[in-house]
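Please read the structure below before turning to the comments.
2 protein chains.
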Amino acid sequence: MIRLLLADDQALVRGALAALLDLEADLEVVAQVGRGDEVVEAARASGAEVCLLDIEMPGLTGIDAAAAVRRELPGVRSLVVTTFGRPGYVRRAIEAGASGFVVKDTPARQLADAVRRVHAGLRVIDPDLAAESLIDGPSPLTGRERELLTYALDGSPVAAIAARVHLSEGTVRNHLSAAIGKTGATTRSEAARIALDRGWL
Amino acid sequence: MIRLLLADDQALVRGALAALLDLEADLEVVAQVGRGDEVVEAARASGAEVCLLDIEMPGLTGIDAAAAVRRELPGVRSLVVTTFGRPGYVRRAIEAGASGFVVKDTPARQLADAVRRVHAGLRVIDPDLAAESLIDGPSPLTGRERELLTYALDGSPVAAIAARVHLSEGTVRNHLSAAIGKTGATTRSEAARIALDRGWL
DNA sequence: ACCTCGGCGTGACACCTGTCATGCCGGCGG
DNA sequence: CCGCCGGCATGACAGGTGTCACGCCGAGGT
């Protein structure tokens, strides 16, 4: 009997996944949480062996939660399940100590197998995403560039960003210009969108 | 026995919802599709009585699919289930003839009840969203404004948008300026993001 | 110690962008 | 019929934006 923890902020999806996995004779969902920062505590309390983690969660992302599980509960394995197949996510999830990475549009029947493989100590990674994450490599953005791009995501004017990070407008423009070059974009909004798509933020 | 059709582009979520709803004694999932433009045909072939429709789907949105069901199969009711609780979505879903609107972070056990209510001819609408969609009213954007905003979503320069719709750059700037005023934004990217959040696009 | 290199920060310049005043056109009520 | 209004289109002007050349500093390599 494999003991499972489910973490997803959408209650409907969480409950539905629980129903799906409980149908398997050798799987048992022993805990469900809706926030990333509740994962470690719930896993410890319930004695979970495998954690199914969504990335987009309040409190802590699924990737950071996987790192926390790795650190606090070394025997527990993590399987990251997410909506968005962003190449950078795969890399970061694996570096954080996750044993597997699956996107939400894989067939439902494969999920239980993925859980079993992870529990057995194997790695499970979506092959398309693995290839994609290899070809475009790790994020080329520097720390400042990444930070300023996240502020630029909502289309804020340069002046607002400059004030927020206590920098000259010229400096902000310069970092963003570098990011525009590295993403192949022509405006900072486009650069921010591209970086987000690739999981660089 | 209520006959259900499930439409969601994420196979994992679709399968999980099927598992969840099949647990109910009086519900039966008779069809599953991953595209909006397959809904009507599958509903007809399977004799579904209620359609559970996600909004974000390839081919046709869940809202447009609800309208198509309304038109082609008048006896069949639609329940829209979506990730994003955007006020404009509720209004448009109801106008399209959907009988219910539920967001994906409602508790799983309430979903079956929502299906039963819709099947019985009642309306099921998330109360918070209903209130929100009333206070900020329908979209104040004109046709052109909405069109140009969608093109501005990815941060394209004005020149690119102007070329795409065969208009002068000045005209494009003017429409976008109007949209900026109506959304309370200060840049077109911000305006596009706000309009998207409210379901105006 | 010296050099080099990459990240960071700054200001000047050319260009793009948002605002405004203006005009055209179709629909609607007096 | 006529005036009025709202949507659409355009160009001029002021201000915001991306690019560039430059300088500073700390981390390796020689």
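Which chain is which? The protein sequence lines are P and W, in order.
Position in the first sequence (first residue = 1) + 2 = our numbering.
Position in the second sequence (first residue = 1) + 2 = our numbering.
Ideal Cβ placement from N, Cα and C applies to all residues, glycine included.
What you are looking at is a predicted structure, and each value in this text was computed from that prediction instead of being measured.
Not one beta carbon of chain P lies nearer than 9 Å to the beta carbon of residue 129 of chain W.
Using a Cβ-Cβ cut-off of 7 Å, residue 159 of chain P is close to 188, 189 of chain W, given in chain order. With fewer than 16 other Cβ atoms from the protein chains shown falling within 10 Å of its own Cβ, residue 123 of chain W counts as exposed.
The Cβ of residue 85 of chain P sits closer than 9 Å to at least one Cβ of chain W. Around the C-beta of residue 90 of chain P, 16 or more other C-beta atoms lie within 10 Å, and the residue is accordingly described as buried.
Of the candidates W:98, W:47, W:137, W:87, the residue whose Cα lies closest to the Cα of residue 33 of chain W is W:47. Of all C-beta pairs linking the segment 117-134 of chain W to the segment 22-42 of chain P, fewer than three are shorter than 8 Å, placing the two stretches out of contact. For a cut-off of 8 Å, the C-beta gap from residue 64 of chain P to residue 87 of chain P is around 14 Å, too long to register as a contact. For the 9 Å CB-CB criterion, residue 125 of chain P and residue 145 of chain P do not form a contact.
With respect to the C-alpha of residue 60 of chain W, the residue from W:36, W:68, W:49 having the closest C-alpha is W:36. Contact of residue 109 of chain P with chain W is assigned, a C-beta pair being separated by under 9 Å.
For residue 48 of chain P, the enclosing alpha helix (DSSP H) covers residues 41-48. Within chain W, the residues whose beta carbon sits less than 8 Å from that of residue 195 of chain P are 156, 157, listed in sequence order. Of all C-beta pairs linking the segment 156-171 of chain W to the segment 97-117 of chain P, fewer than three are shorter than 8 Å, placing the two stretches out of contact. Straight across, the Cα-Cα distance linking residue 186 of chain W with residue 199 of chain W is about 13 Å.
Residue 192 of chain W reaches chain P at 156, 157, 158, counting residues in chain order whose Cβ is nearer than 8 Å. Contact residues of the segment 42-66 of chain P toward chain W are absent (C-beta to C-beta distance below 7 Å). By the 16-neighbour rule on beta-carbons within 10 angstroms, residue 81 of chain P is buried.
For residue 100 of chain P, same chain residues with a beta-carbon under 6 Å away, outside a window of 5 residues either side, are 68, 80, 82 in chain order. Going by DSSP, residue 12 of chain P is part of no alpha helix (DSSP H) at all; its letter is neither H nor E. Neighbours of residue 11 of chain P across chain W, judged by C-beta separation under 7 Å: 107. Interface residue (Cβ-Cβ distance to chain W less than 9 Å): residue 36 of chain P is classified as such. Its chain contains 144, 147 as the residues whose beta carbon lies nearer than 8 Å to that of residue 180 of chain W, once the 5 sequence neighbours on both sides are disregarded; these appear in chain order. Inter-segment contact for the segment 157-177 of chain W and the segment 105-113 of chain W is absent: fewer than three beta-carbon pairs are separated by less than 8 Å. Burial state of residue 165 of chain P is exposed, judged by a 10 Å Cβ sphere holding fewer than 16 other Cβ atoms. Listed along the chain, the chain W residues whose CB falls inside 7 Å of the CB of residue 21 of chain P are 18, 21, 22, 25. Listed in chain order, the non-local C-beta contacts of residue 57 of chain W below 7 Å within the same chain comprise 63, 64, 65, 82, 84, 91, local neighbours out to five positions each way being set aside. Across the structure, residue 22 of chain W and residue 131 of chain P are spaced so that their CA atoms are roughly 29 Å apart. By alpha-carbon distance to residue 152 of chain P, the top candidate from P:70, P:72, P:77, P:174 is P:174.
The bridge partners DSSP lists for residue 86 of chain P come to none. The distance from the Cβ of residue 78 of chain P to that of residue 45 of chain P is about 6 Å, consistent with a contact at the 8 Å cut-off. At least one beta carbon of chain W lies nearer than 9 Å to the beta carbon of residue 104 of chain P. Against residue 92 of chain P, chain W offers no close residue; the least beta-carbon distance is about 17 Å (beta-carbon pairs closer than 8 Å). The beta-carbon distance between residue 11 of chain W and residue 12 of chain P, rounded to whole angstroms, is 15 Å. This is too long to meet the 8 Å contact definition. Straight-line spacing of the CA atoms in residue 51 of chain P and residue 72 of chain P works out to 12 Å. When DSSP reads this structure, residue 54 of chain W sits in a beta bridge with W:8, W:81.
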